[in-house]
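Undergrad: First the structure, which I've put down as structure tokens, then a few questions once you've had a look.
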Amino acid sequence: MTDFHRSKHSTGKRGVDISGKIAFLEKNVLDEITLNHIISQWEFPEQEVIRLSKRQFLMPGFIDTHTHASQYPNAGTGMDLPLLDWLNKYTFPLEQSYSSLSFAEKVYPIVVNNLLRSGTTTAVYFATIHLESSKYLARLVKEKGQRGFIGKVNMDCNSPENYIESLDNSVKSTEEFVKYVLNLEKDEGRENGSRLVYPIITPRFAITCTSQLMNSLGLLAKKYNMPIQSHLSENIGEINFISELFPHLPDYTTVYDHHGLLNEKTIMAHGIHLSSKELKLIKERNIGISHCPTSNFAICSGVCNVRQLLDEGIKVGLGTDLSGGYSKSILNAIRNANIASRVVFMASSKVDDKPLNKSFPHLTLPELTYLATMGGAELINLDKIIGNFLIGKEFDALLIDPDACQSPLDIFDDLEDIERIFEKFIFLGDERNLKSVYVKGKKVSGTDLESMNLREK
Ligand code: GUN
Ligand code: FE
43 MTDFHRSKHS TGKRGVDISG KIAFLEKNVL DEITLNHIIS QWEFPEQEVI
93 RLSKRQFLMP GFIDTHTHAS QYPNAGTGMD LPLLDWLNKY TFPLEQSYSS
143 LSFAEKVYPI VVNNLLRSGT TTAVYFATIH LESSKYLARL VKEKGQRGFI
193 GKVNMDCNSP ENYIESLDNS VKSTEEFVKY VLNLEKDEGR ENGSRLVYPI
243 ITPRFAITCT SQLMNSLGLL AKKYNMPIQS HLSENIGEIN FISELFPHLP
293 DYTTVYDHHG LLNEKTIMAH GIHLSSKELK LIKERNIGIS HCPTSNFAIC
343 SGVCNVRQLL DEGIKVGLGT DLSGGYSKSI LNAIRNANIA SRVVFMASSK
393 VDDKPLNKSF PHLTLPELTY LATMGGAELI NLDKIIGNFL IGKEFDALLI
443 DPDACQSPLD IFDDLEDIER IFEKFIFLGD ERNLKSVYVK GKKVSGTDLE
493 SMNLREK
């Protein structure tokens with residue numbers, strides 16, 4: 043499978059070529075499952091041919107547009123405090139541990155393996171303020187074949203004494219980090235397609251960054267034409283603190299704009315409590331919002347109105363926000379995005395509203411799936427490269443087996459409707475159903491590899 047050839051045939055058969063790109067597509071004539079990449083052994087004698095059995099199907103890989111690799115050990119714990127107290131009590135002390143590279147070497151391989159295992163083919167990571175541990179994460183993501191955006195975190199104020207940088211050091215080590223990550227794939231030619239690992243400028247949030255630091259990071263992003271990520275409007279206490287810190291600026295979004303941090307390559311996590319003026323600015327700057335519903339529920343930050351963001355024409359992707367969110371899985375983020383959209387609808391319903399005679403205005407299954415795949419690809423500006431299965435795109439995909447051993451889907455034998463099977467996978471499935479996980483045409487995880495004892499813990 044890793045060596046699919048580009049077809050020079052005119053038979054209409056389609057597959058994945060050696061650079062990992064989708065060379066062609068065809069409908070599975072046997073059972074109407076589309077996007078099947080069955081190719082004939084006869085025509086491609088040197089290639090391994092993967093034949094999908096009855097209810098198996100392929101879908102684009104999941105894109106996690108906001109996760110903190112460093113917070114993985116805390117996942118599933120410490121959800122009793124709101125954001126700022128949660129950061130001080132649980133998160134900063136854990137992140138401080140990455141001053142030791144050996145701590146990073148213990149945790150990060152588990153993070154990357156487990157994210158791949160749960161179908162995350164691309165992740166946008168926060169590391170910590172530490173240069174060496176952050177470089178290690180970037181190396182690791184590349185080695186394991188995941189697509190990743192890696193951010194060395196910046197924070198030079200309002201942070202604990204043992205977890206803070208000087209302005210000068212923060213800027214210098216970030217530039218060093220950026221050059222290091224860019225060099226990781228320097229020698230790989232264009233014929234190999236897009237790069238796997240990218241640096242991303244990561245001011246933690248405007249509370250822990252001075253104006254000078256934010257300005258410098260904005261300039262650095264410009265100099266290297268790099269994406270930017272941060273947190274925006276997650277929690278009421280946070281927003282109040284921002285207005286104390288920046289009394290001369292009208293709102294949180296403007297704080298980032300004022301420091302040159304908002305453009306079409308910016309990803310802001312959360313974006314829950316935004317005014318209509320802020321929404322307008324977000325749309326104007328064409329920044330993307332990473333919707334992190336599991337985290338928003340878990341640490342009681344609020345409920346983001348994604349329908350409103352989409353109606354405004356704002357780009358939205360999904361994020362797990364580990365460990366504000368307790369789950370590493372984008373399937374879990376999809377399910378909580380579904381519930382969040384129903385909460386928004388129910389909270390706005392009034393007693394004398396006319397009963398709906400059509401479906402609810404919550405996010406639909408196609409919309410939820412879009413957010414987890416193409417929506418994410420738009421946020422990271424890779425929508426021409428990944429996110430769906432158009433010909434010429436790189437093959438980041440999940441081979442789903444609804445009938446896998448111990449599958450949680452409990453499908454009865456006569457269910458053949460692919461849309462219902464897909465819906466069951468989205469709401470009930472888990473990594474037991476992920477037979478193969480592909481990035482750029484290469485199998486990098488999945489139960490298949492595990493059964494061959496090739497997958498690490
Ligand atoms: N805001 C600033 N830092 C963080 C973080 O680590 N997690 C979340 N959820 N919000 C933040
Ligand atoms: Fe976060």
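Sequence positions in the sequence shown follow the numbering used here and run 43 to 499.
Don't be surprised by glycine CBs; every beta carbon is placed ideally from N, CA and C.
These numbers come from a predicted model, not from an experiment.
1) With C-beta atoms as the reference, is Leu476 less than 9 Å away from Leu451?
2) How far does the alpha helix (DSSP H) with Thr500 in it extend, from its first residue to its last?
3) Within 10 angstroms of the Cβ of Pro289, are there 16 or more other Cβ atoms? Answer buried if so, exposed if not.
4) Ligand 2 and Cys334: does the residue's C-beta get closer than 8 Å to at least one heavy atom of that ligand?
5) Whole angstroms is fine: what's the gap from Ser112's alpha carbon to Phe168's?
6) Examine ligand 2 and report whether any of its heavy atoms sits within less than 8 Å of the Cβ of His172.
7) Return the first residue and the last residue of the alpha helix (DSSP H) that Thr489 is part of.
8) Enumerate, from N- to C-terminal direction, the unbroken alpha helix (DSSP H) stretches of 4 or more residues contained entirely within the stretch 182-211.
9) Counting pairs of Cβ atoms below 8 Å between the stretch 120-131 and the stretch 377-387, do you hit three or more?
10) Using 8 Å as the Cβ pair cut-off and three pairs as the minimum, do the stretch 298-311 and the stretch 266-282 touch?
11) Following a CB-centred definition, is Leu129 positioned closer than 8 Å to any heavy atom of ligand 1?
12) In its own chain, which residues sit with a C-beta less than 6 Å from the C-beta of Gly418, not counting the 5 before and 5 after it?
13) Considering His108, what are the terminal residues of the beta strand (DSSP E) in which it resides?
14) Give the secondary structure of Gln271 by DSSP, where H, G and I count as helix, E and B as strand, and everything else as coil.
15) So, for Asp299: in the same chain, excluding its five sequence neighbours on each side, which residues have a beta-carbon less than 8 Å away from its beta-carbon?
16) Using a threshold of 8 Å, is the CB atom of His110 nearer than that to any non-hydrogen atom of ligand 2?
17) Using the three-state DSSP reduction, which class does Leu441 fall into: helix, strand or coil?
18) What does the alpha-carbon distance come out to for the pair Gln219 and Leu226?
19) What does DSSP give as the partner residues of Phe99 in its beta bridges?
TA: Inspection of the coordinates gives the following:
1) Looking up residue 476 in the sequence shown gives position 434. Looking up residue 451 in the sequence shown gives position 409. Against a cut-off of 9 Å, the Cβ pair of Leu451 and Leu476 comes out as no contact.
2) Residue 500 cannot be examined here, being either before or after the span of the chain that is shown, 43 to 499.
3) The residue labelled residue 289 in the question sits at position 247 within the sequence shown. Flag for Pro289 reads exposed.
4) Locating residue 334 in the sequence shown gives position 292, where the first residue counts as 1. Yes, the beta carbon of Cys334 sits closer than 8 Å to at least one heavy atom of ligand 2.
5) Taking the first residue of the sequence shown as position 1, residue 112 is located at position 70. Taking the first residue of the sequence shown as position 1, residue 168 is located at position 126. Near 7 Å, if we compare the C-alpha coordinates of Phe168 and Ser112.
6) Within the sequence shown, residue 172 is the residue found at index 130, counting from 1. False, no ligand heavy atom lies under 8 Å from that Cβ.
7) Taking the sequence shown and counting its residues from 1, the one referred to as residue 489 is at position 447. From DSSP, the alpha helix (DSSP H) with Thr489 extends over 489-493.
8) Fully enclosed alpha helix (DSSP H) runs of no fewer than 4 residues are not present anywhere in the stretch 182-211.
9) no
10) The stretch 298-311 makes contact with the stretch 266-282; the number of CB pairs closer than 8 Å reaches 3 or more.
11) Taking the first residue of the sequence shown as position 1, residue 129 is located at position 87. The answer is yes for Leu129.
12) Counting from 1 along the sequence shown, the entry for residue 418 is found at position 376. Excluding positions up to five away in sequence, the list reads Ile105, Thr107, Gly359.
13) Walking along the sequence shown from the start, residue 108 turns up at place 66. Segment 104-110, the beta strand (DSSP E) holding His108.
14) Position 229 of the sequence shown holds residue 271. Of the three classes helix, strand and coil, the one that applies to Gln271 here is strand, per DSSP.
15) If you number the sequence shown from 1, residue 299 lands on position 257. Leu323, Arg327.
16) Here residue 110 is taken as the residue at index 68 of the sequence shown, counted from 1. His110 Cβ: within cutoff of ligand 2.
17) Sequence index remark: in the sequence shown, residue 441 carries index 399 (1-based). Three-state DSSP puts Leu441 in a strand.
18) One-based indexing of the sequence shown puts residue 219 at position 177. One-based indexing of the sequence shown puts residue 226 at position 184. Just to set this straight, residue 219 is Phe in the shown sequence, not Gln. The alpha-carbon atoms of Phe219 and Leu226 are separated by roughly 11 Å.
19) Looking up residue 99 in the sequence shown gives position 57. Partner(s): Ile442.
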